[in-house]
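Note that the numbering used here numbers the sequence shown so that position 261 is 1314, with each residue one more than the last.
In this text, a Cβ means the ideal position worked out from N, Cα and C, and glycines have one as well.
These figures come from a predicted structure and were not determined experimentally.
Contents: one structure, followed by commentary.
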Amino acid sequence: MNSPKRFSELPEYAFPRLRTLIGDRAPGSDTPIQMTIGDPRHLPPAFVGEVIARHQAAFMSYPPNDGAPELLSACAGWLKRRYDYDADPDRHILALNGTREGLYNTSMALCPETKNGKRPVILTPNPFYQVYAVASLSVGAEPVYVNATAETGHLPDFGALDAELLDRTAIVYICSPANPQGSVASLDYWSDLLRLAERHDFKIFADECYAEIYRGSPPTGILEAVRATGADPDRVVAFHSLSKRSNLAGLRSGFAVSGPGNIARMKQLRAYAGAPLPLPLQMAAAAVWDDEDHVRVNRALYAEKFAAAARILGPEHIPEAGFFLWLPTPDGIDGEAATLKLWTETGVKVLPGAYLARDTKAGNPGAQHIRAALVGPLDETIEGLTRLRDGLQT
1054 MNSPKRFSEL
1064 PEYAFPRLRT
1074 LIGDRAPGSD
1084 TPIQMTIGDP
1094 RHLPPAFVGE
1104 VIARHQAAFM
1114 SYPPNDGAPE
1124 LLSACAGWLK
1134 RRYDYDADPD
1144 RHILALNGTR
1154 EGLYNTSMAL
1164 CPETKNGKRP
1174 VILTPNPFYQ
1184 VYAVASLSVG
1194 AEPVYVNATA
1204 ETGHLPDFGA
1214 LDAELLDRTA
1224 IVYICSPANP
1234 QGSVASLDYW
1244 SDLLRLAERH
1254 DFKIFADECY
1264 AEIYRGSPPT
1274 GILEAVRATG
1284 ADPDRVVAFH
1294 SLSKRSNLAG
1304 LRSGFAVSGP
1314 GNIARMKQLR
1324 AYAGAPLPLP
1334 LQMAAAAVWD
1344 DEDHVRVNRA
1354 LYAEKFAAAA
1364 RILGPEHIPE
1374 AGFFLWLPTP
1384 DGIDGEAATL
1394 KLWTETGVKV
1404 LPGAYLARDT
1414 KAGNPGAQHI
1424 RAALVGPLDE
1434 TIEGLTRLRD
1444 GLQT
């Protein structure tokens, strides 16, 4: 299978599709409001610049490929505080240049060429973060999209799949808190998935980049289930990031945690194909992972906006975690039509839900939804939510 044919299976990325959909249509307001992209707009920790400046001489040196000891130690300390999980910084953790790199390259490192003598399958929740599909196709696996709908609690029901398909499965991608729905996997969900992975011999790639933005209790992480069930740590790779937790998307700092076998293979690939974070940025990231005060402030800012959303749209639309709203469209109107209506009548720009999902035999689970990101300032968010409500009701 050659690469051009392989990647022809990918539709155009969501945001170019949105630009094509809207075209040259004028917004229905002199003050348009952007609610499409999950680009955090709260302030990052004030000390980040100071740490970078203090270590700026290290820009002259090649950075450590697997992560500086200070950064790996800070990540291990955070895992212990957050999940009560003991990770050896050298054997269980790999620093990443943003988790997108890790979510892609880990498939390259760990997906077998065949599974039980057949083309391997990679299972992906539907809707999903688009890099999962690109990674699947890059390694020659068959991507299978598993719908996550209201009926399944907005998490994929992998256990309902055919046993033959599960026996071909090499990797399962799962995002919790989910993007875009904000649903959270419980300890029971994680434990059931671990048992399924053991039964059918696949690995679980747990994308937990929204784990620190929540209302109520902290979301359970897959590492807590690994500890509770005694599962093999090499059965799992969990991914974490500073992009959402600390409003540092531009720092490109994340990490992966797994068993020593997986991490060794990931390091081997990264030695050739990785793009390590410059050392001054690694030092800044270490300081950020060690600090929780700014995370609590960040979470409180989102809580204010979701409280406003509950008042304006109704509490039934408020997810457990994350910073997106996954809103059903009115009867008789799909996500694209709703997006155009909101833009041309109210000046609010959202994203059609179908652009984040794939068509399946059971339909596209995003077709009757729109996604709105609550990343702007509170007053702007309240105005956007009010227009959104009024636009969808008329």
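As the crow flies, the alpha-carbon of Ser1270 is around 37 Å from that of Arg1072. Counting along the chain, the unbroken beta strand (DSSP E) around Tyr1226 starts and ends at 1222-1228. A distance below 7 Å between beta-carbons, with the five flanking residues on each side excluded, links Ser1244 to the following residues of its chain, in chain order: Ala1278, Ala1281, Thr1282. Restricting attention to beta strand (DSSP E) runs no shorter than 3 residues, the region 1154-1215 encloses them at 1174-1179, 1195-1200, ordered along the chain. DSSP, reduced to helix, strand and coil, places Ile1266 outside both helices and strands of the structure shown, so it counts as coil.
The C-beta separation of Ala1339 from Glu1166 comes to about 37 Å, leaving the pair out of contact by the 8 Å criterion. Spanning the alpha carbons of Cys1128 and Leu1190 requires a straight line of approximately 30 Å. In this structure, the beta-carbon distance from Pro1173 to Ala1194 falls below 7 Å.
A direct Cα-Cα distance of roughly 25 Å separates Leu1218 from Glu1261. Uninterrupted alpha helix (DSSP H) stretches at least 4 residues long and entirely within the region 1072-1151 occur at 1101-1107, 1122-1136, 1142-1145, given in chain order.
Excluding sequence positions up to five before and after Glu1265, its CB lies within less than 6 Å of the CB of Arg1298, Val1348, all in the same chain and listed in chain order. As DSSP reads the structure, Trp1379 sits in a beta bridge with Arg1424. Ser1114 is classed as exposed because its beta carbon has fewer than 16 other beta carbons within 10 Å across all chains shown. Look at Gly1388 here: in three-state DSSP terms it is helix. Our two residues, Ala1223 and Ser1229, have alpha carbons roughly 20 Å apart in a direct line. Distances from the CA of Phe1308 to each of Asp1137, Arg1134, Thr1159 were compared; the closest alpha carbon is that of Thr1159. Gly1120 and Leu1156 do not touch by the CB rule: their CB atoms are close to 17 Å apart, not below 8 Å.
Following the DSSP letters along the chain, one finds Lys1256 inside the beta strand (DSSP E) bounded by residues 1256-1260. The region 1088-1099 and the region 1424-1442 touch, with no fewer than 3 CB-CB distances between them shorter than 8 Å.
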